[in-house]
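Let me begin by presenting the structure, written as structure tokens, before commenting on it.
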Amino acid sequence: MLDASFLEKLGNVLGPKGLVTDSSDIAPWLTDWRKLYVGRAAALLAPANVGEAQAVMQLLAEHGVPMVPQGGNSSMVGGATPDDSGEAVILSTRRMNAIRLLDADASIVVAEAGVILAHLHDVAHSVGRRFPLTLGARGSATIGGLVSTNAGGTQVLRFGTMRKLVLGVEAVLPDGSLYEGLAALKKDNRGYDLTQLLIAAEGTLGLITAASLRLVPDVQDRAVGWIGIDSPDTALRLLRQMEAASGDAIESFELVPNSCLKLVLQHIPGTRAPLESDHPWHVLVEYVHTQAGQMSAASALQNLLAGAIEAGQISDATIAASEAQAQAFWKLRDSISEAERAHGPAVQHDISVPVDDMPRFIRDASQEVERAFPGAWVNAYGHLGDGNVHFHVRAPDGTSDPDWRVTTGKAASGMVYDLVTQAGGSISAEHGIGQMK
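First residue of the sequence shown: 432, per my numbering; consecutive thereafter.
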């Protein structure tokens, strides 16, 4: 409970729009989107600008009040949810949502922490540029959270994680002082790079308030294909051949097991399978041209797929015939998390191993986990080309035990993390640490 004098000080800084203390108004922000974590908070603070953020951080530091930053509340690991002590406050960046600078010639945008990713995409597109990071939560995820977690997404194969796209950051440090690092310098060897430390720190070193971001030329032409394959090994060989033949035109290469596709078709209205025949595994591939005057992206992708069919690597594939169909293919991939949540209990693991080892890891680790926990089954899907796969262990179908996640699931997670470590990988590829890890 915050005392009245402290609340008055916060109110003087934030005004009525920026200070929320009513428990019913705070409630929607106390639960993560997957309903796995529920916390309590003494107040929700929403500064409208960096000056207010500084004043708030200084007050919190002086009174020893812990703070949990929250953007779009789209964390996959409970990273934006306070604990259940009720001692912390939520510091929301949603009101700091301005585009401070948009320079198409320099291909730079400066966006405040509360800018929603989908809005940034629209802003960049309006000047013939794009921000080349996208993910399923683009309609809610915010720039501050994406920087603070070093988010990945479906275009890491070509453009890298958020760290590769950040040119500088502005952040309020725990004592309320301001780190002004927005200058997009190509070279700067003055010492330690605090920007790089703040990226992926998940708010532990400071509150990201704005970021300078790199833009790239907008898409001139794209083709989206859906391929049926027999194994992740085949998928990786196909990716290597496509990259060798097309350079960096392959922007996304997503691995989807048939089990995932079936969950989406079962739980997500308006979805349909792209191929008539069944396949153990699938690949969603996106081929992009950023310059006019080239062979159409669809023709280029068709040539690549025709070569793979002729070589006997694949037997079934299709290319979206329209933008609507391309979006329908992507909806299948982007809806996996939602479909999994609807299907029942599971424990999620956002892991990475060396790319060439990924097919073997998926095969061997799945067998070991399913053997150790009879009835449980593995869904392994995601970004094969960058070594990051979401390795989810699902409870046996029909499980009614509400504690499965914290009993059997917890034991399964320990096993998965041990297997990842033995393989020389990481237990946190792109989602961060949060409360889950």
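Virtual Cβ for every residue (Gly too), placed ideally from N, Cα, C.
Fair warning: this is a prediction, and the values are worked out from it, not measured in the lab.
Rounded to a whole number of angstroms, what is the C-alpha to C-alpha distance between residue i and residue j?
i, j, result
"residue 762", "residue 443", "45 Å"
"residue 486", "residue 535", "33 Å"
"residue 852", "residue 532", "42 Å"
"residue 462", "residue 525", "16 Å"
"residue 756", "residue 547", "25 Å"
"residue 618", "residue 594", "16 Å"
"residue 804", "residue 829", "15 Å"
"residue 731", "residue 767", "28 Å"
"residue 740", "residue 733", "10 Å"
"residue 620", "residue 611", "16 Å"
"residue 847", "residue 854", "11 Å"
"residue 653", "residue 717", "7 Å"
"residue 839", "residue 806", "11 Å"
"residue 792", "residue 783", "10 Å"
"residue 465", "residue 770", "11 Å"
"residue 872", "residue 530", "Shown here, the chain extends from 432 to 868; a query on residue 872 therefore has no answer."
"residue 841", "residue 835", "8 Å"
"residue 753", "residue 690", "26 Å"
Using a Cβ-Cβ cutoff of less than 7 Å, which residues in the same chain neighbour residue i once the five nearest sequence positions on both sides are dropped?
i, result
"residue 774", "694 and 698"
Ordered along the chain, which non-local residues of its own chain (more than five positions away) have a Cβ less than 6 Å from that of residue i?
i, result
"residue 764", "685 and 715"
"residue 816", "588, 670 and 684"
"residue 590", "563"
Please state whether the Cβ-Cβ distance between residue i and residue j is less than 8 Å.
i, j, result
"residue 436", "residue 471", "no"
"residue 826", "residue 790", "no"
"residue 600", "residue 609", "no"
"residue 688", "residue 810", "yes"
"residue 500", "residue 522", "yes"
"residue 540", "residue 613", "no"
"residue 677", "residue 735", "yes"
"residue 511", "residue 574", "no"
"residue 799", "residue 808", "no"
"residue 520", "residue 476", "yes"
"residue 630", "residue 597", "yes"
"residue 543", "residue 580", "no"
"residue 780", "residue 713", "no"
Sorted by chain position, which residues of the same chain lie with C-beta nearer than 8 Å to residue i's C-beta, five sequence neighbours on each side aside?
i, result
"residue 457", "451, 472, 474, 475 and 521"
"residue 703", "696 and 759"
Check whether the region 676 to 685 and the region 620 to 635 are in contact - that is, three or more C-beta pairs closer than 8 Å. no
Pick out the complete beta strand (DSSP E) segments inside the region 478 to 554, 3 residues or longer, and give them in chain order. 498 to 501, 520 to 523, 530 to 534 and 539 to 543
Decide if the region 640 to 649 is in contact with the region 557 to 565; the criterion is three or more beta carbon pairs, one per stretch, under 8 Å apart. yes
Return the chain-ordered ranges of every beta strand (DSSP E) run that is complete within the region 706 to 762 and spans a minimum of 3 residues. 712 to 720 and 747 to 750
Quick test of the definition: if touching needs 3 or more C-beta pairs under 8 Å, does the region 744 to 755 touch the region 654 to 661? yes
Please give me, in chain order, every unbroken run of the alpha helix (DSSP H) with length at least 4 that falls completely inside the region 607 to 684. 625 to 629 and 663 to 677
Alpha helix (DSSP H) segments (min. 4 residues) lying fully within the region 799 to 868: 839 to 853
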